[in-house]
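The structure appears below as structure tokens.
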Amino acid sequence: MWFASGAGGRRLTVEITGKPDGVPIFLLHGTPGSRSGPKPRSGILYRYGIRLISYDRPGYGGSTPHPGRTVADAAEDIAAIAKDLDIYRFSVVGRSGGGPHALACAALLPDAVTRTAVLVGFARPDVPDLEWFSGMTDRNSRDFAAASDDRLMLAERLRAQAARTRRDPESLLTQLETDMTWPDRRVVRDLAIRRLIAQAYREALRGGPHGWIDDVLALRRDWGFNLSAITAPVRLWHGEQDNFAPVSHTMWLARQIRTAEVHVQPGAAHFGAVEILPEMLEWLSNW
Numbered sequence: 001m002w003f004a005s006g007a008g009g010r011r012l013t014v015e016i017t018g019k020p021d022g023v024p025i026f027l028l029h030g031t032p033g034s035r036s037g038p039k040p041r042s043g044i045l046y047r048y049g050i051r052l053i054s055y056d057r058p059g060y061g062g063s064t065p066h067p068g069r070t071v072a073d074a075a076e077d078i079a080a081i082a083k084d085l086d087i088y089r090f091s092v093v094g095r096s097g098g099g100p101h102a103l104a105c106a107a108l109l110p111d112a113v114t115r116t117a118v119l120v121g122f123a124r125p126d127v128p129d130l131e132w133f134s135g136m137t138d139r140n141s142r143d144f145a146a147a148s149d150d151r152l153m154l155a156e157r158l159r160a161q162a163a164r165t166r167r168d169p170e171s172l173l174t175q176l177e178t179d180m181t182w183p184d185r186r187v188v189r190d191l192a193i194r195r196l197i198a199q200a201y202r203e204a205l206r207g208g209p210h211g212w213i214d215d216v217l218a219l220r221r222d223w224g225f226n227l228s229a230i231t232a233p234v235r236l237w238h239g240e241q242d243n244f245a246p247v248s249h250t251m252w253l254a255r256q257i258r259t260a261e262v263h264v265q266p267g268a269a270h271f272g273a274v275e276i277l278p279e280m281l282e283w284l285s286n287w
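When we follow UniProt numbering, the leftmost residue of the sequence shown carries the number 1, and every step to the right adds one.
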């Protein structure tokens, strides 16, 4: 773990695993999440020839909060980390809430980003050709709707949930499990994966709910960039039975990004992104 400097002197907490001189790939965690989220073991990444770089978005884990941030601001933070590491070309992969942030890098850092993968990502808010909340769990719908309609209620609800998660990291996963479709329950009942997810939640929220709140707000306001600006290859993956970020969101993204290819996997859902990650990393490393 080490620290980079974001805009305005903010601290960004970074973790690097895999081959030190390998192909650089940035992994952007979900919402909520942290740099310690599930990823292949360092030895596996070394064999793949990958240098995997993950960091806590502002307000999560050890990174300084950045109130009012937009999705687009992630590109500036990743550019700052890449500069500190003397990296000039890299790929990016984002899971769930990290997906739009990965697309921001593809759009705003076209000379640096070679390939982008988005796993179970979200679409832009308030677009006329998508029912944004359709097929989404009631809990997710309430939180995202509150980001537009009642930010105070959103902050209070996530503050209480963050406090419970700090006391008992399993509590958030147990709560989510009540809403999961069967494919997700299968994934999270693997004890090793469950432990990694719970640890990532605990690290994400150890300083409070700031990152979680700002993530939800950022996803539901204007992202700050145009998807049409993306010119490098993009791979979009989604589990067909996802009810946290419905597959319709990825299909909408595919219609906006002319370089996108789409993979919808039957018999998979939201947490299937953990299992598909090694395959996506292999694709991202081939440039």
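Glycine residues also receive a C-beta, built at the ideal position from the N, C-alpha and C atoms.
CB-CB length for residue i against residue j, believed under 8 Å
| i | j | result |
| --- | --- | --- |
| Arg57 | Asp215 | 7 Å |
| Val120 | Arg151 | That pair is no contact at about 25 Å. |
| Gly272 | Pro32 | In fact, because the Cβ distance is near 19 Å, the residues do not count as touching under 8 Å. |
| Ser285 | Ile50 | 5 Å |
| Arg166 | Arg195 | That belief does not hold up - the Cβ atoms of Arg166 and Arg195 are roughly 17 Å apart, past 8 Å. |
| Pro20 | Ile87 | Rounded, the Cβ-Cβ distance is 12 Å, inconsistent with contact. |
| Phe225 | Leu109 | About 10 Å; that fails the 8 Å criterion. |
| Ala260 | Ile213 | Their Cβ separation, rounded to whole angstroms, is 30 Å, which puts Ala260 and Ile213 out of contact at 8 Å. |
Start and end residues, beta strand (DSSP E) containing residue i
| i | result |
| --- | --- |
| Gly18 | Arg11 to Gly18 |
| Thr114 | Val113 to Leu119 |
| Glu261 | Ala260 to Gln265 |
| Pro24 | Val23 to Leu28 |
| Gly33 | No beta strand (DSSP E) holds Gly33; DSSP gives it neither H nor E. |
| Leu52 | Ile50 to Tyr55 |
Host alpha helix (DSSP H) of residue i (start-end)
| i | result |
| --- | --- |
| Trp237 | It is not in any alpha helix (DSSP H) - Trp237 instead sits in the beta strand (DSSP E) that spans Val234 to Gly239. |
| Ile193 | Leu191 to Ala204 |
| Ser171 | Glu170 to Glu177 |
| Glu156 | Arg151 to Arg167 |
| Asp129 | Asp129 -> no alpha helix (DSSP H), and no H or E assigned at all. |
| Asp214 | His210 to Leu219 |
| Met251 | Val247 to Gln256 |
| Lys83 | Asp73 to Asp84 |
| Pro67 | From DSSP, Pro67 is part of no alpha helix (DSSP H); its letter is neither H nor E. |
| His270 | No alpha helix (DSSP H) holds His270; DSSP gives it neither H nor E. |
| Pro38 | First-last for Pro38: undefined, no H or E at that position. |
| Asp242 | Counting along the chain, Asp242 falls outside any alpha helix (DSSP H), and DSSP gives it neither H nor E. |
| Leu108 | Gly98 to Leu108 |
| Trp182 | Trp182 to Val188 |
Pair within 9 Å by beta-carbon distance, residue i and residue j
| i | j | result |
| --- | --- | --- |
| Pro125 | Arg235 | no |
| Tyr48 | Pro40 | yes |
| Phe26 | Phe122 | no |
| Glu282 | Val264 | no |
| Asp179 | Phe244 | yes |
| Ile44 | Ile81 | no |
| Val14 | Ala218 | no |
| Trp252 | Val92 | no |
| Gln161 | Leu173 | no |
| Ile257 | Ile230 | yes |
| residue 352 | Ala269 | No statement about residue 352 is possible, as the shown extent of the chain runs from 1 to 287 and does not include it. |
| Arg69 | Pro233 | no |
| Leu28 | Ala106 | no |
| Gly18 | Leu12 | no |
| Ala198 | Glu177 | no |
| Phe144 | Met136 | yes |
| Asp73 | Ala104 | yes |
| Trp237 | Ala147 | no |
| Ala200 | Ser34 | yes |
| Tyr46 | Asp77 | no |
| Gly30 | Gly98 | yes |
| Ser134 | Ser42 | no |
| residue 325 | Arg255 | Summary: the structure shown does not reach residue 325, with the chain confined to residues 1 through 287, and so no result is reported for it. |
| Arg10 | His66 | yes |
| Val187 | Val262 | no |
Opposing strand residues paired with residue i [DSSP bridges]
| i | result |
| --- | --- |
| Val93 | Leu27 and Ala117 |
Below 8 Å, can you find three or more Cβ-Cβ pairs linking the stretch 193-209 to the stretch 57-74? yes
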